[in-house]
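Take a look at the structure below.
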Amino acid sequence: MSQAGKNGLTYSDAGVDIDAGNLMVEKIKPHVRSTRRPGADGEIGGFGGLFDLKAAGFSDPVLVAANDGVGTKLKIAIDANHHDEVGIDLVAMCVNDLVVQGAEPLFFLDYFATGKLDPDQGAAIIAGIAAGCREAGCALIGGETAEMPGMYQGGDYDLAGFAVGAAERGQLLPAADVEAGDIILGLSSSGVHSNGFSLVRKIVSLSGLAWDAPCPFGEGTLAERLLTPTRIYVKPLLKAIRETGAIKALAHITGGGFPENIPRVLPKHLAAEIDLDAVKAPAVFSWLARTGGVEAKEMLRTFNCGVGMIAVVSPDEAEAVAAVLSREGETVFTLGRMVAREDGGAGTLYKGTLAL
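First residue of the sequence shown: 1, per the UniProt record's numbering; consecutive thereafter.
Written out as structure tokens, the structure is:
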């Protein structure tokens with residue numbers, strides 16, 4: 001008798017293990033509870049997650065939403081069997097996009113899809129997501145784990161994240177008073193963050209190095225260094241926004257680098273003049289550029305090159321804003337200034353040389 005014709009065929013026979021899913025839910029509950037904050041109790045299991053804006057202290061809020069993934073950085077995590085930190089990247093890519101609009105991240109939901117669910121692997125990934133949520137001050141109020149045999153092969157999986165934040169009406173960024181002469185502050189990145197990894201993986205392939213090889217630009221293995229999580233800038237930036245009231249605009253430097261991300265927050269008549277001599281690129285970028293023969297212009301439009309976030313402030317407020325950010329643990333430096341943009345001109349201009 002064929003398998004299809006016999007009695008007792010189960011969902012497990014088709015490749016989906018409900019018991020494994022239930023086990024993973026039990027494993028992640030402590031991580032979810034650890035993200036409790038005012039407005040959310042941090043429990044999961046219902047059909048939807050709840051959040052109380054009034055309990056969070058807002059009186060007239062505007063909601064801001066963002067979603068993102070980790071990209072092909074996940075492929076390195078899968079190939080190197082190192083899953084503990086990609087969840088931080090997932091949260092970072094979403095919440096950093098919220099804070100640039102002046103919003104406080106409130107809650108987060110994840111989507112985790114795999115071909116065959118490994119409860120321990122899944123729990124490690126969710127533990128990373130919870131760690132990112134704690135760092136950002138937002139609650140992990142729900143998510144979806146999808147076991148989809150035939151859609152994903154071997155140990156492959158994918159992640160997507162969804163974050164919602166809020167700001168009081170009238171306090172959203174960018175402000176309307178950005179003007180020529182304003183200072184651009186740069187905040188250092190932790191490394192490659194979560195963009196450009198298709199090029200990273202191509203360069204590693206050309207290098208002939210294995211993921212467990214000693215890292216040529218730092219301690220540990222090559223995979224460990226490349227999997228350094230995206231920096232979460234939320235709490236320092238919210239502190240600076242609230243204490244100084246002087247931040248006019250913020251830009252998260254993700255895919256597209258300086259030329260694509262900075263102009264998104266600028267008026268059409270202004271351009272950002274970037275002093276490349278001020279950029280202290282971490283060693284990973286020098287290694288990528290040298291090993292892959294990647295030109296500086298291509299590096300600047302693919303990677304953050306050491307600058308994960310920029311802030312626009314007036315010259316007389318730059319020192320005060322930088323002082324708050326430095327006190328909160330950020331490495332801050334003057335990256336450039338706002339200048340008039342020529343008709344049809346680029347939104348990002350460069351002077352100096354990127355040291356790679």
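Glycine is no exception: its CB is placed at the ideal position from the N, C-alpha and C atoms.
None of the values given here were measured: they were computed from a predicted structure.
Scanning its chain for C-beta atoms nearer than 6 Å, with the 5 sequence neighbours on each side dropped, one finds around Ile126 the residues Ile28, His31, in chain order.
Leu227 is positioned such that its CB atom lies no closer than 8 Å to that of Glu330.
A straight-line Cα-Cα distance of about 10 Å links Leu23 and Gly122.
Note on Arg341: 16 or more other CB atoms within 10 angstroms of its CB, so buried under the neighbour-count rule. The alpha carbon of Asp118 has as its nearest neighbour, out of Leu98, Cys133, His83, the alpha carbon of His83. A direct Cα-Cα distance of roughly 7 Å separates Ala271 from Leu349.
The beta carbon of Ser189 lies closer than 7 Å to those of Arg231, Asn304, Gly306, Val307, Gly308 in the same chain, with the five residues before and after it left out.
Under a 10 Å Cβ-count criterion, Leu53 is classified as exposed, with fewer than 16 other Cβ atoms of the shown protein chains found around its own Cβ. Inside the region 206-235, DSSP marks whole alpha helix (DSSP H) runs of 4 or more residues at positions 222-226, from first to last along the chain. Cβ-Cβ separation between Ala130 and Asn67: approximately 18 Å, too far for a contact (criterion under 8 Å). Secondary structure note for Glu147: its beta strand (DSSP E) is the uninterrupted segment 139-147. Under the 8 Å Cβ criterion, the region 89-97 counts as touching the region 156-171, having at least three qualifying pairs. A check of alpha carbon separations from Leu356 across Ala320, Arg290, Leu325 identifies Arg290 as the nearest. Asn195 is classed as buried because its beta carbon has at least 16 other beta carbons within 10 Å across all chains shown. Membership of Met151 in any beta strand (DSSP E) is not indicated, and neither H nor E is assigned to it by DSSP. Counting only runs of 3+ residues, the beta strand (DSSP E) found wholly inside the UniProt domain "PurM-like N-terminal" (62-166) occupies 104-114, 139-147, in chain order. For the pair Arg201 and Lys239, the Cα-to-Cα distance works out to about 36 Å. The three-state reading of DSSP puts Phe333 in strand, counting E and B together. DSSP lists Ile183 as the beta-bridge partner residues of Val313. The way I'd put it, the region 165-181 does touch the region 56-63; three or more beta-carbon pairs between them come closer than 8 Å. Between the C-alpha atoms of Tyr157 and Ile78 there is a straight-line separation of about 8 Å.
In the structure shown, the three-state DSSP call for Ala249 is strand.
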